[in-house]
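Trainee: Submitted below is the structure of interest, expressed as structure tokens.
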Amino acid sequence: MGIVSPGFRGRPRSGREKLPPGQYLVTDFPVLSAGPTPRVDTSSWKFSITTEAGQAHSWDWAEFRALPSEEFQVDLHCVTKWSKLRTAWRGVSLDTLLAQAQTSAEYALAHCYGGYTTNLPVADLLDGQAWVAFEYDGRPLAAEHGGPARLLVPHLYLWKSAKWVRRIDLRAKDEPGFWESLGYHNYGDPWREQRYWGD
Amino acid sequence: MARAAVLGRLTWQVGTVAEILEETATARTIVLDVPGWPGHAAGQHVDVRLTAVDGYSTQRSYSIASAPGPGRLELTVQRLEDGEVSPYLTDTLRPGYPLELRGPIGGWFVWDPAEPGPVLLVAGGSGMVPLMSMIRARAAAGSEAPFRLVYSVRSPETVLYAAELERLSKTAHGFEMSYVYTRSGPPGVKVRIGRLTPVVLSAPGWTSKTAPAVFICGPTGFVEAAASLLVRAGHDQDAIKTERFGPSGG
Amino acid sequence: MTTHLDGNVLAGTLGELFAVDITSAMGQCASCGTSEAMGEALVYTDAPGMVARCRTCEEVVLRVNRTAGRAWLDMRGISCLELRIPGE
């Protein structure tokens, strides 16, 4: 830790909300990105799920939007320490998307337009814990926030909620994604403050 | 030349505020005493780190405004309305306060007074700071390298180092400059109000044929527009060095 | 922000890890083979780490993640780095 800067307070951090350890509340919606924002037209958008046996199932935008979707409100926790509470989305549950997949795979690797990847256990995608979300705050999801559609897995740090998701591979073997291979925790539970390797 | 040639990794140091100078209504130059400061090259910057009592800390980069050489380090900071760090530096810091910094940083966006070739400096707002270090380095070294500054500002009130630049325009041999006013100009003077244009960027003796080294600094949008205009005017892309401050301008 | 900054912004974080200035070092992009000064890279800093991309092909050349007491550096995107050592 550095020397204390006399009189420096920084952005408001404490509040009455219960946040995971080390987080502070924001009211705006910060945009983080490891590269230029992919611009994907819904006319060419495709989302796929592939199984460990090599079977693939894909949806184009019309097919995807024909699936049952739901509105939901969740809290977001970014590993860069900001948290945004009660954000409103609409999306298709991964339970719906995975319903037809014949798989016993334990691991998943999400791939995105632009090249980003992130990995997580299949169990964390199921049972109402994850969505492919396409609306935020009642409007189509903006490209800078991951539109046309992004993965949303709010019980883990937000880097796992892959923006511009295009495919999820179900795998027998775990493979670390973009940040997981650069020191970020393989699982990423904000409530246990699992930010980095070894946490 | 005064370049940080010491091998070794950058570490945080604590400087002491010696003076705070008012540059404009919203910009201040912070004059620092930094023990063991190794010197710097014109165009380099420092990272400043602020830490609150609860351990929360954040850092920002600020260009060094002073010329290379012995003596105190000067940083010019523009206060951003919703900034987290800049208001602390411009409004809360007092002489005697400590300030944690590391540097000097950067070996690419720098100008060496030993270079005799012409230099075109293009500044957008607070992008003027590292370019001022180059102008001051030129003066301190007695360099005759031809310098031209194009300085884009919102209004005359936002000009940094106005008096010094005016004096240099009149007295420094081989130094010339033009202002671009994007919102309002000096009272009583008829000037064009608007953004950078190819016409302003070029001047007698300052075309792409002159092949100057070009340094552009300012908000991202400004830097991209200026670089694009210069490349289209025939300047070699490799001769253009840019330092984007990000969308908010530093 | 999803726009990038210039490579000189790498100098602070990498200056803690390298004994010589990294921004004037010439890096050969492992994806497209172009050699550029690291100061010319496109750097994305609004992220859980710093990501530098090749100015020519936009592929990742370098990534760095820094936290208290640790840093992770991935330079697979650079096939060769030529560093200037001052004073020699």
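Chains as they are written, first to last, in this note's numbering: chain A, 74 to 272; chain B, 81 to 330; chain C, 402 to 489.
Glycine included, each C-beta is placed from N, C-alpha and C at the ideal position.
Taking C-alpha atoms, which residue in Glu256(B), Pro210(B), Leu276(B) and Ser213(B) lies nearest to Val233(B)?
Mentor: It is Leu276(B).
Trainee: With 9 Å set as the bound, which would you pick, yes or no: does the beta-carbon of Tyr260(A) sit closer than that to a beta-carbon of chain C?
Mentor: False, the Cβ-Cβ gap to chain C never drops below 9 Å.
Trainee: Comparing alpha-carbon positions, which option in Gln175(A), Gln267(A) and Tyr230(A) lies nearest Ile122(A)?
Mentor: The shortest Cα separation from Ile122(A) among Gln175(A), Gln267(A) and Tyr230(A) belongs to Gln175(A).
Trainee: Return the bridge partner residues of Thr123(A) from the DSSP annotation.
Mentor: According to DSSP, which records beta bridges pairwise, Thr123(A) is partnered with Ala129(A) and Asp242(A).
Trainee: Helix, strand or coil: which one does DSSP assign to Asp171(B)?
Mentor: In the structure shown, Asp171(B) sits in a helix (DSSP, three-state: H, G or I).
Trainee: Give me, in chain order, the residues of the same chain whose beta-carbon lies closer than 7 Å to that of His315(B); leave out the 5 immediate sequence neighbours on both sides.
Mentor: Excluding positions up to five away in sequence, the list reads Ser288 and Val294.
Trainee: Name the DSSP bridge partner or partners of Gln175(A)?
Mentor: Answer is none; Gln175(A) lacks a bridge partner.
Trainee: Need the endpoints of the alpha helix (DSSP H) that Phe137(A) sits in, please.
Mentor: That run of the alpha helix (DSSP H) goes Trp134 to Ala139.
Trainee: So Thr300(B) and Thr404(C) are in contact, right, with Cβ under 8 Å, and what is the actual spacing, rounded?
Mentor: At roughly 5 Å, the Cβ-Cβ gap stays under 8 Å, so Thr300(B) and Thr404(C) are in contact.
Trainee: Can you name the residues that DSSP bridges to Val205(A)?
Mentor: Paired residue(s): Val165(A) and Leu224(A).
Trainee: So who's on the other strand from Arg471(C), going by DSSP bridges?
Mentor: Partner(s): Thr468(C).
Trainee: How should Thr124(A) be labelled, buried or exposed, when 16 other C-beta atoms within 10 angstroms of its C-beta is the threshold for buried?
Mentor: So Thr124(A) counts as buried.
Trainee: So, for Trp473(C): in the same chain, excluding its five sequence neighbours on each side, which residues have a beta-carbon less than 6 Å away from its beta-carbon?
Mentor: Once the five neighbours on either side are set aside, the close Cβ partners of Trp473(C) are Asn466.
Trainee: Hey, out of Val230(B), Pro266(B) and Val157(B), whose CA is closest to Ala283(B)'s CA?
Mentor: Minimum Cα distance to Ala283(B) is reached at Val230(B).
Trainee: For Met402(C), which residues in the same chain have their Cβ closer than 7 Å to its Cβ, ignoring the five residues on either side in sequence?
Mentor: At Met402(C), the pLDDT of 45 sits below 50, so the modelled position is not reliable; the number obtained from the coordinates is stated separately. If we look at Met402(C) and ignore the five residues flanking it on each side, its Cβ neighbours are Asp447.
Trainee: By the three-class DSSP mapping on this structure, what secondary structure does Pro178(B) have?
Mentor: Three-state DSSP puts Pro178(B) in a strand.
Trainee: Using only the alpha-carbon positions, how far apart do Thr160(A) and His184(A) sit?
Mentor: Thr160(A) and His184(A): Cα-Cα distance of roughly 24 Å.
Trainee: Using 9 Å as the limit for Cβ to Cβ distance, is Ile479(C) near chain B?
Mentor: Judged by the 9 Å Cβ criterion, Ile479(C) is not in contact with chain B.
Trainee: Distance check for Val239(B) and Thr104(B), CA to CA, integer angstroms please.
Mentor: One C-alpha to the other measures close to 7 Å.
Trainee: Quick check: is the beta carbon of Gly188(A) nearer than 9 Å to any beta carbon in chain C?
Mentor: Yes, Gly188(A) counts as interfacial toward chain C.
Trainee: Tell me the DSSP secondary structure of Leu170(A) in three-state form.
Mentor: Leu170(A): helix per DSSP, three-state reduction.
Trainee: For a cutoff of 9 Å on Cβ pairs, would you count Tyr269(A) as touching chain B?
Mentor: With 9 Å as the cut-off, Tyr269(A) does not count as an interface residue toward chain B.
Trainee: Quick check on DSSP: helix, strand or coil for His39(A)?
Mentor: Nothing can be reported for residue 39(A): it is not among the residues displayed for chain A, which extend from 74 to 272.
Trainee: Between which two residues does the alpha helix (DSSP H) harbouring Ala217(B) extend?
Mentor: Met208 to Ala221 is the extent of the alpha helix (DSSP H) around Ala217(B).
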